[in-house]
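To start, the structure under review is shown below, and the notes come after it.
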Amino acid sequence: LFARPCTFFYASQAINQLPPMGAPEVAFCGRSNVGKSSLLNALTGQKALARVSVTPGRTRQLNFFTCDEGRLTLVDMPGYGYAKAAKTLKADWQGLMFDFLRGRPVLRRVLLLMDARVETKPADRAALDLLSDAAVAFQIVITKADDVKKAQLEKRITEIEAIVKKRTAAHPLVLITSSETGQGIPELRAELATLAG
Ligand code: GDP
42 LFARPCTFFY ASQAINQLPP MGAPEVAFCG RSNVGKSSLL NALTGQKALA
92 RVSVTPGRTR QLNFFTCDEG RLTLVDMPGY GYAKAAKTLK ADWQGLMFDF
142 LRGRPVLRRV LLLMDARVET KPADRAALDL LSDAAVAFQI VITKADDVKK
192 AQLEKRITEI EAIVKKRTAA HPLVLITSSE TGQGIPELRA ELATLAG
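According to UniProt numbering, the stretch in the sequence shown is residues 42 to 238, in order.
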């Protein structure tokens, strides 16, 4: 997987304009600034993949990337928890996300990214609830593991594992990554390879 470049092929701002369902999909979500773009770039080995689609309003759309000659599609979901977002936008975001998560049988897994440096925020809990309500399989990926001391990382892992245990739709394996050092990237690729068509 990811031996060949992934390419951006579709941006969606509304649930009635999604691309046709084809390859298995894996979606990436998390708070704004969690390190999602960096992780997508590290994962694919493409320095600017997650910037390819930078247009105004990009944060409000779902971006689709096709990988490995159509065997897998990566979906970059808009970051949440952005303090300046208007309340109505948040409601729109939740609505779009929920409809997408509910109505996408090809969606094999959602990766919920969590920053190693910050504790779980209310917006993360809301995202966990959304994923649970939509009954999609999801997996936690800890980002920026290089930026915390070992003891702090272990505390964060324990906290997140406790959350995972309470959620039946959560994959038990919590992946620990750093886009900076490449830690956990091969493991993440291996995980995605099990989901590809
Ligand atoms: P996004 O908003 O979720 O797409 O986050 P970005 O990928 O743009 O990253 C947000 C900030 O976190 C940037 O300043 C990155 O340089 C930084 N960052 C991302 N990944 C890592 C990482 O693995 N380690 C460290 N130390 N910083 C990171």
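Where a beta carbon is used, it is the ideal one built from N, C-alpha and C, also for glycine. Note that the structure is a prediction, hence the values are computed from the model and not measured.
Extent of the continuous beta strand (DSSP E) run through residue i
i    : result
R166 : Unbroken run through R166 is the alpha helix (DSSP H), 163–175; no beta strand (DSSP E).
Simplified DSSP state of residue i, which is helix, strand or coil
i    : result
F49  : strand
Q58  : helix
G98  : Low confidence applies to G98: its pLDDT is 43, below 50, so where it sits in the model is not reliable, and the reading given next is rough at best. DSSP places G98 in coil when its eight states are reduced to three.
T107 : strand
A44  : coil
T114 : strand
R149 : strand
A211 : strand
E160 : coil
T222 : coil
Given residue i as reference, the closest of the options once Cα atoms are compared
i    : options                : result
R72  : P65, L194, L169, T107  : L169
F179 : K190, T209, K162, K185 : T209
D109 : A203, F43, H212        : F43
V116 : L172, K185, G76, S53   : S53
Those residues which DSSP pairs with residue i across a bridge
i    : result
L154 : G71, V182
E228 : Paired residues: none, contrary to the question.
L216 : V182
Residue i CB to nearest heavy atom of the ligand ADP below 7 Å
i    : result
K185 : This structure lacks the ligand ADP; its bound ligands are the ligand GDP.
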